[in-house]
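So the sequences go chain by chain: F and Z.
Start counting at 1 in the first sequence, then tack on 2, and there's your number in the numbering used here.
Start counting at 1 in the second sequence, then tack on 143, and there's your number in the numbering used here.
Idealized CB from N, CA, C, for every residue including glycine.
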Amino acid sequence: MCGGIINRFFTVMISSRSRGDSENSELKVTVKETRITVYMYSRQVIQRSFKMAAPIRKSVELFYDVVSPYSWLAFEVMCRYQQKWNIDLKLRPFFLSGIMQGVGFNQPGPSKASYMGKDLKRQTDMYKVPFKMPSNPAEVILIKGSLNAGRFLTAVDMNCDQYLEELTRQLFLRVYYRDEDITEPASLMSAAAKAGIPEDMAKQLLSTIKDQAVKDRLRETTQAALDHGAFGSPTIVAHVDGKPQMFFGSDRMELMAHMLGEKWYGPLPELAKAKM
Amino acid sequence: MAAPTRKSVEFFYDVLSPYTWLAFEVMCRYQQKWNIDLKLRPFFLSGIMQGADNRPPGMVPAKATYMGKDLKRLTDMYQVPFKLPSNPAEVMFIKGSINAGRFLTAVDMNCDQYLEELTRQLFLRIYYRDEDITEPASLMSAAAKAGIPEDLAKQLLSTIKDQAVKDRLRQNTQAALDHGAFGSPTIVAHVDGKPQMFFGSDRMELMAHMLGEKWYGPLPELAKAKM
């Protein structure tokens, strides 16, 4: 030790949640009288502050109804990217029928309807989503509908949201892979079982789907989407710089990535060669 | 050793449609990068809407509001200098594009080397400078900016009510309808002898996949990947 100079070395281990990994960054802080020198060994960008916060995840809300085929595409892509992007994905089951009533609807003409069938096949092939058009899409979408399914998803969201993603997937698989019902209690119980929800819990949640609290919550979620300007499903709201950016459909991912300051690696990011 | 056969990609369009401008610029950027033969096919959107029993999307108010924002964000990202006209409904539904469509058709029939730039100049008039595209003077102005010699432009303009020109525009429109078109742009990529129709400006990545090409985003010249 020389004279009155005191050197102190602090090593601070910081664990970062950025990009889903837990890479540790090491900071060596040397305190020399009134001068503080910070050496950073990490390749990550760290805010110049002694309060070493992880970069704030941007909130992205996915409003969806399982009766909408393009919503399945958007859902799978968002699930794939929720670990790759610095986002906090919030699934928000809503009621598409309520959206359509709220804003009006142009029924697609025969050419457009025919195109959509082909478009869905080509896109789901490329996106590796096992989509098959049901034998009677009009009955599935317009007649049988999704009210019970929407309320069941809502009940799960309110009580055990760790199952929400997989239950959503199982409902999509029922309606848009196996052409199975999603309106009956037995159908919802079956999807719940495949989603890993314990039977007792599934039964209990199913018994609540006509409760006012559940109905209200589904209505509120639908209204929230309408307030963001929604006119269909999926409606994605990304919160960027404190401002909500609404995107409709499954074909605005590259634009959304751009606005989130993230990179788009296509619909199968796990196959992308670029370093993440 | 023959060069690999270029795949034919037909681009059916009407300059009245804003999303079409996006698709047009992207296709122009990719025509050198991909092994394709881009064929611009001006058609008549009004004829498509009638033929396919479709309605313009702006009829649903929430959708119209969204489209305004969507176009701004997309054109910013795509670096296309788009500005919504002061009266879009008048531009699209009242003034229309029959003369512009016929003029583009006349150019396509006689001197198609100017077709790309004339198309661009018409888009710039309507969707950058909020200018007319229906009057002869407007079309002459666009032609001049496209590099078409004045005499040639005058001569082509004089033919736009000729039966041959009307028929050709109608044929292009019908060809698109036969491919299942219901709007603009309608892109038909010929893959393995089979036509694949794509609607809109947001199927480029899928089309690239089906063409066996790579999508580098809307600004491929900035992509770091080797071409």
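Grab the span of the alpha helix (DSSP H) containing residue i for me, first residue to last.
{"i": "F/M135", "result": "Run containing F/M135: none; DSSP gives neither H nor E here."}
{"i": "Z/H352", "result": "M347 to L354"}
{"i": "Z/M283", "result": "P279 to K288"}
{"i": "F/I58", "result": "First-last for F/I58: undefined, no H or E at that position."}
{"i": "Z/P161", "result": "P161 to Y173"}
{"i": "Z/K309", "result": "Q306 to D321"}
{"i": "Z/F246", "result": "I241 to N253"}
{"i": "Z/D294", "result": "E293 to L300"}
{"i": "Z/R263", "result": "L258 to Y270"}
{"i": "Z/L102", "result": "The requested residue 102 of chain Z is not part of the displayed model; chain Z covers only 144 to 370."}
Ordered along the chain, which non-local residues of its own chain (more than five positions away) have a Cβ less than 6 Å from that of residue i?
{"i": "F/P95", "result": "G152, L155 and T156"}
{"i": "F/R37", "result": "Per-residue confidence for F/R37 stands at a pLDDT of 45, beneath the threshold of 50, marking its modelled position as unreliable; no derived number is given."}
{"i": "Z/F266", "result": "V158 and W164"}
{"i": "Z/N315", "result": "R184 and F186"}
{"i": "F/T210", "result": "A157 and V216"}
{"i": "Z/W177", "result": "E356"}
{"i": "Z/M350", "result": "A332 and F341"}
{"i": "F/K196", "result": "Q172"}
{"i": "F/K146", "result": "T185"}
{"i": "F/Y165", "result": "V158, A197 and I199"}
{"i": "Z/K297", "result": "none"}
{"i": "Z/F155", "result": "R184, F186, A319 and T329"}
{"i": "F/V105", "result": "F233"}
Taking the beta strand (DSSP E) that residue i falls in, what are its first and last residues?
{"i": "F/R94", "result": "I89 to P95"}
{"i": "F/I199", "result": "It is not in any beta strand (DSSP E) - F/I199 carries neither H nor E in the DSSP assignment."}
{"i": "Z/S151", "result": "K150 to Y156"}
{"i": "Z/H333", "result": "T329 to V334"}
Residues in the same chain with beta-carbon distance under 8 Å from residue i, minus the five sequence neighbours each way, listed in chain order, please.
{"i": "Z/L362", "result": "R172, Y221 and Q222"}
{"i": "F/L257", "result": "F249"}
{"i": "F/Y129", "result": "L75, E78, V79, P269 and L270"}
{"i": "Z/P231", "result": "G201"}
{"i": "Z/V169", "result": "Y221, S344, M347 and P361"}
{"i": "F/K212", "result": "R153"}
Looking only at its own chain, which residues have a Cβ that is under 7 Å from the Cβ of residue i, when we skip the five neighbours before and after it?
{"i": "Z/P204", "result": "none"}
{"i": "Z/N121", "result": "In the structure as shown, chain Z starts at 144 and stops at 370, and residue 121 of chain Z therefore has no counterpart that could be examined."}
{"i": "F/M255", "result": "V79 and W266"}
{"i": "Z/P161", "result": "L214, F225 and Y270"}
{"i": "F/V131", "result": "W74, L75 and E78"}
State the DSSP-derived secondary structure class of residue i, mapped to helix, strand or coil.
{"i": "F/Y72", "result": "helix"}
{"i": "F/K146", "result": "helix"}
{"i": "Z/Q339", "result": "strand"}
{"i": "Z/Y221", "result": "helix"}
{"i": "F/T32", "result": "Any reading at F/T32 must be qualified, since the residue scores a pLDDT of 42, below 50, and its modelled position is unreliable; the value itself is stated next. If DSSP states are grouped into helix, strand and coil, F/T32 belongs with the strands."}
{"i": "Z/L362", "result": "coil"}
{"i": "F/Y66", "result": "strand"}
{"i": "Z/F325", "result": "coil"}
{"i": "F/A259", "result": "helix"}
{"i": "F/E2", "result": "The structure shown does not extend to residue 2 of chain F, since chain F is modelled only from 3 through 278, so no value can be given for it."}
{"i": "F/Y179", "result": "coil"}
{"i": "Z/K176", "result": "coil"}
{"i": "F/I184", "result": "coil"}
{"i": "Z/I237", "result": "helix"}
{"i": "F/S189", "result": "helix"}
{"i": "F/Q49", "result": "Only weak support is given to the placement of F/Q49: the predicted model assigns it a pLDDT of 48, under 50, and the question is left unresolved by the model."}
{"i": "Z/A232", "result": "helix"}
{"i": "F/L270", "result": "coil"}
Taking Cβ to Cβ, would you say residue i is nearer than 8 Å to residue j?
{"i": "Z/R149", "j": "Z/I179", "result": "yes"}
{"i": "Z/M353", "j": "F/N108", "result": "no"}
{"i": "F/G234", "j": "Z/F325", "result": "no"}
{"i": "Z/M252", "j": "Z/V308", "result": "yes"}
{"i": "Z/F246", "j": "Z/I303", "result": "yes"}
{"i": "F/V62", "j": "F/A188", "result": "no"}
{"i": "F/L228", "j": "F/L208", "result": "no"}
{"i": "F/V177", "j": "F/V68", "result": "yes"}
{"i": "F/S73", "j": "F/Y66", "result": "yes"}
{"i": "Z/D273", "j": "Z/P224", "result": "no"}
{"i": "Z/S327", "j": "Z/L181", "result": "no"}
{"i": "F/L262", "j": "F/K60", "result": "yes"}
{"i": "Z/L312", "j": "Z/T248", "result": "yes"}
{"i": "F/S70", "j": "F/P236", "result": "yes"}
{"i": "Z/E293", "j": "Z/A285", "result": "no"}
{"i": "Z/G290", "j": "Z/Y257", "result": "yes"}
Is the closest heavy atom of the ligand GTP to the C-beta of residue i under 7 Å?
{"i": "Z/R272", "result": "Ligands displayed in this structure: none; no statement on the ligand GTP is therefore possible."}
Which runs of the beta strand (DSSP E), 3 residues or longer, sit entirely within the region 149 to 173 of chain F?
With a minimum length of 3 residues, no continuous beta strand (DSSP E) run stays inside the region 149 to 173 of chain F.
Just list the beta strand (DSSP E) runs in the region 178 to 213 of chain Z, keeping only unbroken ones of 3 residues or longer that don't cross its boundaries, in chain order.
If only uninterrupted beta strand (DSSP E) runs of at least 3 residues are considered, those enclosed by the region 178 to 213 of chain Z are 179 to 185.
My parser needs the alpha helix (DSSP H) runs of 4 or more residues fully inside the region 204 to 253 of chain F; what are they?
The region 204 to 253 of chain F contains these whole alpha helix (DSSP H) runs: 214 to 229.
Which ranges would you report for the alpha helix (DSSP H) in the region 96 to 129 of chain F if only whole runs of at least 4 residues count?
Counting only unbroken stretches of 4 or more residues, the alpha helix (DSSP H) elements lying wholly within the region 96 to 129 of chain F are 98 to 105 and 112 to 129, in sequence order.
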